[in-house]
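A.B. asks: To start, I am sharing the structure in question, which I have written as structure tokens.
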Amino acid sequence: MSRFTTELRVIPTAAWIVAAFAYACLTVPLFISVAPTDRVIGHWPRWEQALVVYVGLLLVAALVALIGYVYGDAKRRQMRYVMWTLLAIFIPHAIGIILYFILRDPLPKPCPGCGHAEKAQLPFCARCGILLRPTCPKCAEPVEPTWSNCAYCGQQLAET
Amino acid sequence: MSEHDTIRELLALAAAGALTPAEEQRVAEHVRSCIACSNELEAWRPIARELRRLPTPQPSSWLVQATLARAEATLAEQAEQDWNRRALIGVVAFSWLLTLASWAVFHEVSERFGSMLAPQFSHPWIGFAFMALEWLAGAAAAVVLAVHQRDERRLA
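So the sequences go chain by chain: A and B.
909 is the number of the first residue of the first sequence in the working numbering; add one for each residue after it.
32 is the number of the first residue of the second sequence in the working numbering; add one for each residue after it.
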């Protein structure tokens, strides 16, 4: 399964339903009543009007799906998903979604002890208390497995 | 550099058996006709033999596991960064498409309903100002959110 397909599964079913509903509710009336009377596209053949309306409004469906993605992904990353969803909805031109992609946290890693997903930067599992990242015995700052000395306090780290 | 000097630099490697077949052949041919190089090669051979007898240092299991974990984490991080970059490019392109489409929608709406609100509503500069304000609001939101997130990470 490609990464794109995996990411599509993050979008909740409700978001797909809302996207389909919004698409249907906008395209049908626009094609039937607005497009034929429009000053510009009203003179075009009907198939061209259909193309403009049905393809153009795919943007709206995509926007709703993207808002759904922000909701699902922020929840998955243990971020403030309500705040990010509202920002994605209310900041126009999808700028809220761009901001989300720039500022989102890394994916949580599953705890090797209990399997509970924890934020990548946390040193201990909040559920079972297992050590997720090695910490310095002196200053308790997270250290990298390859370090010989703590980069924060200089403490020599045991190679056990 | 003469052939003699080049071969002399290869003698230690020849004694250690670290040369390619072509280089070995070249050294052997030179050594047959050069006594100095032949003696030096013979001097290197016992050193190389003794070095081979020394035990090869083995990394501790801790170091192997830590290095593997580090390599896996780095690869996963790189894959995530690549995906983020591609997704961001896609979202920015989508945002521009949305902006262009909204310009057409704005025209359509202002032509049909603009006169109900105000006669000037359909003026193009209002559309530009509206869009500039939107992007400005987005930029302000970006700054506020970035500062907020930096503070949150510092506290974590």
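Where a beta carbon is used, it is the ideal one built from N, C-alpha and C, also for glycine.
Using a Cβ-Cβ cut-off of 8 Å (strictly less than) and excluding sequence neighbours within five positions of A/A923, which residues of its own chain qualify?
C.D. replies: V972, A973, I975, G976, Y977, Y979 and G980
A.B. asks: From which residue to which residue does the alpha helix (DSSP H) around A/C933 run?
C.D. replies: Run containing A/C933: T921 to P937, per the alpha helix (DSSP H) assignment.
A.B. asks: Going by beta-carbon coordinates alone, are B/A79 and B/A46 separated by less than 7 Å?
C.D. replies: At the C-beta level, B/A79 and B/A46 come within 7 Å of one another.
A.B. asks: Whole angstroms is fine: what's the gap from A/R947's alpha carbon to A/L938's?
C.D. replies: 14 Å
A.B. asks: Please list, in chain order, the chain B residues whose beta carbon lies closer than 7 Å to that of A/R911.
C.D. replies: W114
A.B. asks: I need the DSSP call for A/A1025, collapsed to helix, strand or coil.
C.D. replies: strand
A.B. asks: For A/T1043, which three-state DSSP category applies?
C.D. replies: strand
A.B. asks: What span of residues does the alpha helix (DSSP H) with A/F1032 cover, start to end?
C.D. replies: Counting along the chain, A/F1032 falls outside any alpha helix (DSSP H), and DSSP gives it neither H nor E.
A.B. asks: With DSSP run on the structure shown, which of helix, strand or coil describes A/Q986?
C.D. replies: coil
A.B. asks: Taking CB distances under 7 Å as the criterion, tell me whether A/L967 reaches chain B.
C.D. replies: yes
A.B. asks: Helix, strand or coil: how does DSSP classify B/Q89 here?
C.D. replies: coil
A.B. asks: Going straight from the alpha carbon of B/A53 to that of B/I66, what length do you get?
C.D. replies: 21 Å
A.B. asks: If I measure Cβ to Cβ from A/E956 and keep anything under 8 Å in the same chain, skipping five residues before and after, which residues do I get?
C.D. replies: I949
A.B. asks: Below 7 Å between beta carbons is the criterion; list the residues of the stretch 912 to 934 of chain A that meet it against any residue of chain B, in chain order.
C.D. replies: none
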